[in-house]
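These notes are about the structure you will find just below.
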Amino acid sequence: MDIKSLYREIVNEHNLHPEHKHDLDNPTMVLNGVNPSCGDDINLQLKIENGIVTDAAFNGSGCAISQASTDMMCDQIIGKSEEEALSLAGDFKDMIHGTATQEQKDALDEAAALEDISHMPARVKCAMLGWRTMKEMIEDLQKNGTKTAQVSANNSEVCGSCQRMDCDRK
335 MDIKSLYREI
345 VNEHNLHPEH
355 KHDLDNPTMV
365 LNGVNPSCGD
375 DINLQLKIEN
385 GIVTDAAFNG
395 SGCAISQAST
405 DMMCDQIIGK
415 SEEEALSLAG
425 DFKDMIHGTA
435 TQEQKDALDE
445 AAALEDISHM
455 PARVKCAMLG
465 WRTMKEMIED
475 LQKNGTKTAQ
485 VSANNSEVCG
495 SCQRMDCDRK
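The opening position of the sequence shown corresponds to residue 335 in this note's numbering, with each subsequent residue numbered one higher.
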């Protein structure tokens, strides 16, 4: 089997049988990510405890690339610190833009199977959706210093006053 066939098989497996496509119980953060050019729409959920991503999941719909990429991203960030997760997002972005080093690609593990997306400009946003959404969530958490949740307006799990999921005033 050549490398392109292997990569295609990895992407198909993550699209058809995603391990992380489900809702989390009591996520720390939730953010809806949308790629209007393709119609991809994901709802990313993270559990972050003491600066470590302890769990990650998503729901939503979209093309095979967005779904597989988001599932691979969840695989990569679980057990990582916030900084390591952000670093992986940077590595993935560099890879998709064709500027990653071999060390960066190696750090991405199976997500490196999406490297050829760099030759398909129309699919870059699809591949980046989960990673961009995760990066935005963690950067917001670090900026605000609290476990704030950015969610779609119709999510009743979030306190209307402070927008925190762990607030008692819900």
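Beta carbons: idealized from backbone N, C-alpha and C, even for Gly. The structure displayed is predicted, hence computed values, not measured ones.
For N478, three-class secondary structure by DSSP: If DSSP states are grouped into helix, strand and coil, N478 belongs with the helices.
Are the CB atoms of I399 and A456 within a distance shorter than 7 angstroms? Cβ atoms of A456 and I399: not closer than 7 angstroms.
Since E418 is in the alpha helix (DSSP H), which residue starts that stretch and which ends it? Per DSSP, the unbroken alpha helix (DSSP H) holding E418 starts and ends at 416-430.
Based on the DSSP output, what are the partners of A391 in its beta bridges? Residue pairing by DSSP places A391 opposite Q379 in a beta bridge.
Suppose you measure from the CA of K427 to the CA of T404; what does that come to, to the nearest Å? Computed Cα separation, rounded: 13 angstroms.
Under 7 angstroms, do N393 and L463 count as touching if we go by C-beta distance? It is not a contact, given that the beta carbons lie outside the stated cut-off.
Which of the three DSSP states, helix, strand or coil, is assigned to N346? The answer is helix: DSSP assigns N346 an H, G or I state.
Between which two residues does the beta strand (DSSP E) containing S363 stretch? The displayed chain sequence assigns Met, not Ser, to residue 363. Secondary structure note for M363: its beta strand (DSSP E) is the uninterrupted segment 363-369.
How about G385 and S415: do their beta carbons lie closer than 7 angstroms? Yes.
Tell me the rounded alpha-carbon separation between L538 and G432. In the structure displayed, the chain extends from 335 to 504; residue 538 sits before or after that span and is not available.
Skipping 5 residues on each side, what residues in its chain have a beta carbon closer than 6 angstroms to that of T467? Within the same chain, T467 has close Cβ partners L365, G367, L378.
Identify, in the order they occur along the chain, each residue of the same chain with its Cβ nearer than 6 angstroms to the Cβ of E449, setting aside the five sequence neighbours on each side. Hits under 6 angstroms: M429.
Going by the beta-carbon positions, is the gap between S371 and K459 smaller than 7 angstroms? Yes.
Quick check on I399: does DSSP put it in helix, strand or coil? In the structure shown, I399 sits in a helix (DSSP, three-state: H, G or I).
Tell me which residues share the same chain as D425 and place their Cβ nearer than 8 angstroms to its Cβ, disregarding the 5 neighbours each side in the sequence. Cβ neighbours of D425 within its own chain (closer than 8 angstroms, five residues either side excluded): A434, Q438, K439, A441, L442.
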